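Residue numbers (numbering that gives the first Met the number 0), protein chains in the order written: chain A, 0 to 248; chain B, 0 to 283. Backbone N, C-alpha and C fix where the C-beta goes; we use that ideal spot for every residue, glycine too. Since we're looking at a predicted model, the values are computed, not measured. Here the structure comes first, spelled out in structure tokens, and everything after it is commentary.
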Amino acid sequence: MSAALAVEGLSAGYGGDPVLTGVSFAAEAGSTVCVLGPNGGGKTTLFRALLGQLPHTEGDIRLQGHPAHVAQAAHARLDFPVSALDVALMGSLAGRWWLPARRSDRERARAAVERVGLAGLEHTPYGALSGGQRQRVLIARALVQDAQVLLLDEPLAGVDPASAETITALFADLRAEGRTLLVSSHDVEGARAFDSVLCLNRGQVAFGPPAEVLDARVLEATYGHELIVIPAGEGGRPVRAVAVQHHEH
Amino acid sequence: MGLAALPDPLYLLELRSTRLAVAELLLLAVAGGVLGAYVVLRRLAFYTHAVGTATFPGVVLAEAASFSPRLAALAVAGAYATGVERAGRSGRDPGGAATGLMLVLALATGTILASDVFQSGAGVDRLLFGSAIALSDADVAVAAAAAVIALASALLLGRAWSAVAFDPEGAPALGVPGRRADLALLLVVGATAVAALPAVGSLLVTSLFVVPAAVARLLTRSVPGLVAASVGVAAAQGLLGLYGALWLDVPPGPAIAVLGAAVYVLTAATTALAPAGSLRGVAA
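What follows is the structure, given as structure tokens:
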């Protein structure tokens, strides 16, 4: 397999001192990477650098094509007069944002909405959908972009169980298609299901397979006081950990 | 003061001056209605009010210098749009504070200049509130150009404007250059608002570019529906306002603005009292 994404010595920031330094990792095509870290630890900065929205002060990024980004559903306006299909169709703007949508764009958008399990809800106003359904619509929008690398910002945070199940199954399908997924998360236990884990705390703490990376030392270096580490039990797992989230919303 | 008898609606088509007014208002309904939809979605109502007002000192200076007021207004609107976009780059909404500052500056400067340029207040009133029954063929031609520009812009850029308005932070990741899309909207609104100055003046541009779309926004649940309803409301409001102005013998610009405000208040009250979502067809 070839690397769909390779980052070497990356430092990035917002004009002043870099807020993220020393990030080096690679992800093969068809692999999944969970990006763990506290709020302010650099997950969003990393994504913005990968999307080309932040100039990186040091290092190198190599990507297969332009990545698609799935932000948290809370960022979009619920009062906006768009349907689920309209939102998915926005994924066809890349490269031709100054032109009207084509019939083929609409067909791709409809297929993407069906793929995320929302067939029959295409014309439902975005604001009338549940939080989990809205998250799936944003994933459909990313699918329309047909990117090889997808960056997902806490896609399972606050979604209903049915949506979480659909999204998780979709991740497996996308992985099988050879797409690379970078998923930011606070779910330390959930990170064990990924191929790799990247731990950030204003810099790279660790990167590698979850079984090798997720130990008490790394987790404490990543989260500091925002983490509760539960000692190993008899079930086989070395440690269990729960990240304490401090969301502003 | 007694009310005159209601005039025959066809009276609007009898005189050349009222025929020009009807044509102007219908064309401006297209320009204002279409762009107004995106103005409301992008939350640029304040900017739209301000860009009309910003042209005031430019037009006064043009009158004094015997220069084309239309070109002067266009230049000021373009400069204003660019300035607001640059000032607002760091925020989610393009330049709210900068818009307010420049609005006050434009109004104050225009008033000071006007006191030297015009011998009577009538000239100032015409610039501020327009005169829809004193239009020329050139004014109508400019309104037609504004309608064409608005339609073409919405056809080509409407999707991008919607994407930016829906999710300003996520739009760049979709390949939409948010700042350039915003600047394009600001420039197009500024340029087409200039076309409305002869009919409704600097201060009442919002009566055609914001109020109809704000009314339509209360009643629709899709962007195409919003655009169509906005044009319809703007046309009805313009024609009824003109008719009412002729009946009551009041200036058309303020009559159109007052009617628009009344329609908005009534629609807002009705939608607030109606069962949730029923007027938009949204499942409650």
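Any beta carbon from chain A within less than 7 Å of residue i's own beta carbon?
i, result
"R42/B", "no"
"G280/B", "A caution first: G280/B carries a pLDDT of 47, below 50, which makes its placement in the model unreliable, though a value can still be read off. G280/B does not count as touching chain A."
"G231/B", "no"
"G174/B", "yes"
"A267/B", "no"
"L184/B", "no"
"A159/B", "yes"
"L150/B", "no"
"L225/B", "yes"
"A212/B", "no"
"A283/B", "Reliability fails at A283/B, whose pLDDT of 32 lies under 50, so the model's placement of it is uncertain and the value that follows must be treated cautiously. No, no contact with chain A."
Just the chain B side, please: which residues come within less than 7 Å of residue i by C-beta, in chain order?
i, result
"A148/A", "It is Val, not Ala, that sits at residue 148/A in the sequence shown. Near V148/A there are no residues of chain B at all, since even the closest Cβ is about 12 Å away, more than 7 Å."
"L98/A", "L155"
Quick check: is any heavy atom of the ligand ADP less than 6 Å from the C-beta of residue i?
i, result
"G157/A", "This structure lacks the ligand ADP; in fact it carries no ligand of any kind."
So, does the CB of residue i fall closer than 7 Å to a CB anywhere in chain B?
i, result
"L92/A", "yes"
"P80/A", "yes"
"L19/A", "no"
"Q52/A", "yes"
Using a Cβ cut-off of 8 Å, pull out every chain B residue sitting near residue i, in sequence order please.
i, result
"R76/A", "A164, F165 and D166"
For residue i, count neighbouring Cβ atoms within 10 angstroms of its own Cβ and tell me buried if that reaches 16, exposed if not.
i, result
"V103/B", "exposed"
"E13/B", "exposed"
"Y10/B", "exposed"
"H246/A", "Low per-residue confidence applies at H246/A: pLDDT is 48, beneath 50, and the placement is therefore not dependable, though the value from the model is reported in the following sentence. H246/A is exposed by the Cβ-count criterion."
"L70/B", "exposed"
"R222/A", "The question names Arg, but residue 222/A in the sequence shown is Tyr. With 16 or more other Cβ atoms within 10 Å, it is buried."
"L2/B", "exposed"
"I111/B", "exposed"
"E153/A", "buried"
"G39/A", "exposed"
"R41/B", "buried"
"A96/B", "exposed"
"S82/A", "buried"
"T269/B", "exposed"
"E84/B", "buried"
"D249/A", "Since the first and last residues shown for chain A are 0 and 248, residue 249/A lies out of range."
"R140/A", "buried"
"L142/A", "buried"
"L154/B", "exposed"
"L5/B", "exposed"
"R216/B", "buried"
"E176/A", "exposed"
"R158/B", "buried"
Which residues of chain A have a Cβ atom closer than 9 Å to the Cβ of residue i, listed in chain order?
i, result
"G169/B", "H68, V69, A70, H74, A75, M89, L137 and R140"
Just to make sure I have the definition right: I need the residues of chain A whose C-beta is within less than 7 Å of the C-beta of residue i. Which are they?
i, result
"R220/B", "P80 and P124"
If we define contact as Cβ-Cβ less than 7 Å, is residue i a contact residue for chain C?
i, result
"L155/A", "No chain C appears in this structure, whose protein chains are A and B."
- Item | Length-filtered (4 minimum) alpha helix (DSSP H) runs lying within the segment 180-217 of chain B | 205-208 and 210-216
- Task: Check whether the segment 27-34 of chain A touches the segment 54-61 of chain A, counting contact only when three or more Cβ pairs, one atom from each stretch, lie closer than 8 Å.
- Result: no
- If you pair each beta-carbon of the segment 144-152 of chain B with each one of the segment 190-201 of chain B, do three or more pairs fall below 8 Å? yes
- Task: Take every Cβ of the segment 8-18 of chain A, pair it with every Cβ of the segment 144-156 of chain A, and state whether three or more of those distances are shorter than 8 Å.
- Result: no
- Assess, as a yes-or-no matter, whether the segment 230-247 of chain B is touched by the segment 53-71 of chain B under the definition of 3 or more beta carbon pairs within less than 8 Å. no
- Item | Contact between the segment 204-217 of chain B and the segment 41-51 of chain B (3+ Cβ pairs under 8 Å) | yes
- Would you check if there are 3 or more beta carbon pairs closer than 8 Å linking the segment 114-134 of chain A to the segment 70-78 of chain A? yes
- Query: Does the segment 173-180 of chain B come close enough to the segment 93-108 of chain A that 3 or more CB-CB pairs lie under 8 Å?
  - Reply: yes
- Item | beta strand (DSSP E) segments (min. 3 residues) lying fully within the segment 101-168 of chain A | 148-152
- Sufficient close CB pairs (3 or more, under 8 Å) joining the segment 72-83 of chain B to the segment 123-136 of chain B: no
- Three CB pairs or more closer than 8 Å across the segment 97-114 of chain B and the segment 210-228 of chain B: no
- Counting pairs of Cβ atoms below 8 Å between the segment 53-61 of chain B and the segment 259-267 of chain B, do you hit three or more? no
- Query: Do the segment 36-50 of chain A and the segment 118-125 of chain A make contact, defined as three or more Cβ pairs closer than 8 Å?
  - Reply: no
- Item | Ordered list of beta strand (DSSP E) runs contained in the segment 39-69 of chain A, each at least 3 residues | 55-62 and 67-69
- What residue ranges within the segment 33-95 of chain B form continuous alpha helix (DSSP H) runs of no fewer than 4 residues, ordered along the chain? 44-64 and 68-86
- Query: Does the count of Cβ pairs from the segment 129-144 of chain B and the segment 179-187 of chain B closer than 8 Å reach three?
  - Reply: no
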